[in-house]
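The structure appears right after this line, and notes come after that.
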Amino acid sequence: MNELVDRFMVAGDNTTPSLYFLPFNSGNGGHWVLVAMDLSRLMVYYLDSLPGNWSKYPSMKKTVDAAILKFRSKKNYRNRKDITWVRVQCPQQNNSIDCGFFVFRFMRDIIALNRIDIPKMVWNNNLGFILILSDISSNLLLNHEYVLFS
Numbered sequence: 001m002n003e004l005v006d007r008f009m010v011a012g013d014n015t016t017p018s019l020y021f022l023p024f025n026s027g028n029g030g031h032w033v034l035v036a037m038d039l040s041r042l043m044v045y046y047l048d049s050l051p052g053n054w055s056k057y058p059s060m061k062k063t064v065d066a067a068i069l070k071f072r073s074k075k076n077y078r079n080r081k082d083i084t085w086v087r088v089q090c091p092q093q094n095n096s097i098d099c100g101f102f103v104f105r106f107m108r109d110i111i112a113l114n115r116i117d118i119p120k121m122v123w124n125n126n127l128g129f130i131l132i133l134s135d136i137s138s139n140l141l142l143n144h145e146y147v148l149f150s
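Per UniProt numbering, the very first residue in the sequence shown carries number 1; after that it's consecutive.
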């Protein structure tokens with residue numbers, strides 16, 4: 001958790017809407033989901049290509065919440081607003097192996113469409129599933145509003 005907070009601290013002023021991507025794996029070769037955090041608004045967006053919500057991963061939620069609160073404390077933010085978690089409606093996988101691909105697709109789409117307000121984002125399931133990792137890297141370098149944590 002301290003490493004996550006340290007990365008928040010050096011990533012920018014965090015007073016304007018910015019997204020921090022945190023791909024999360026349930027462990028033991030398990031399922032991948034994407035957590036996108038907006039520290040300025042205390043919003044956490046949960047994107048999962050399988051049904052369900054973050055309650056399946058209580059340690060993930062606890063760690064993310066604690067890291068955000070610790071970060072805000074270090075930055076001396078006075079806002080005591082609660083952290084809001086939002087389950088984003090997004091494309092769903094139809095098998096048991098494509099979750100990692102979907103996490104990359106979600107990040108790519110958010111970056112390519114330059115969308116900070118994820119819940120209002122509409123995915124077209126008919127979009128091509130062509131994912132080029134260099135596109136993600138290029139966009140992350142060109143658009144500093146997005147930070148990827150692995």
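The C-beta atom is built at its ideal place from N, Cα and C for all residues, glycine as well. Just so you know, these numbers come straight off a predicted model, no measurement behind them.
### Message
Extract the residue ranges of the alpha helix (DSSP H) inside the UniProt domain "Ubiquitin-like protease family profile" (1 to 110), only unbroken runs of 4 or more that lie entirely within it.
### Response
2 to 10, 58 to 74
#### Entry: Three or more C-beta pairs below 8 angstroms linking the segment 43 to 59 and the segment 69 to 89
yes
### Query
What residues in its chain sit with their C-beta under 6 angstroms from that of Gln92, if we drop five residues either side in the sequence?
Along the sequence shown, one-based indexing puts residue 92 at 92. Result list for Gln92: Ser49, in chain order.
### Task
Can you have a look at Lys61 and say buried or exposed, based on whether 16 or more other CB atoms are within 10 angstroms of its CB?
Start at 1 with the first residue of the sequence shown, and residue 61 comes out as number 61. Buried.
### Message
Taking the alpha-carbon of Asn25 as reference, which of Leu34, Cys90, Asn76 has the nearest alpha-carbon?
### Response
As a working note, residue 25 is residue 25 in the sequence shown. Asn25 has its Cα closest to that of Leu34, out of Leu34, Cys90, Asn76.
### Query
CA-CA distance, Cys99 and Arg108?
As a first step, residue 99 must be located in the sequence shown, where it is residue number 99. As a first step, residue 108 must be located in the sequence shown, where it is residue number 108. So the alpha carbons of these two residues sit roughly 14 angstroms apart.
### Message
So, for Met37: in the same chain, excluding its five sequence neighbours on each side, which residues have a beta-carbon less than 6 angstroms away from its beta-carbon?
### Response
The count along the sequence shown starts at 1 and reaches residue 37 at position 37. Once the five neighbours on either side are set aside, the close Cβ partners of Met37 are Tyr20, Val44.
### Task
Please report the Cβ distance between Pro23 and Val103, rounded to the nearest whole angstrom; I am assuming they are in contact, meaning their Cβ atoms lie under 8 angstroms.
Taking the first residue of the sequence shown as 1, we reach residue 23 at position 23. Taking the first residue of the sequence shown as 1, we reach residue 103 at position 103. Going by Cβ atoms, the distance from Pro23 to Val103 rounds to 5 angstroms, so yes, they are a contact pair.
### Message
Considering Cα atoms alone, identify which of Leu39, Ile111, Tyr57 is closest to Leu69.
### Response
Walking along the sequence shown from the start, residue 69 turns up at place 69. The residue with the shortest Cα to Cα distance from Leu69 is Leu39.
#### Entry: Spatial neighbours of His31 in its chain, beta-carbon cut-off 6 angstroms, leaving aside the 5 residues before and after
Mapped onto the sequence shown, residue 31 falls at position 31. Excluding residues within five positions, the ones whose Cβ falls inside 6 angstroms are Cys99.
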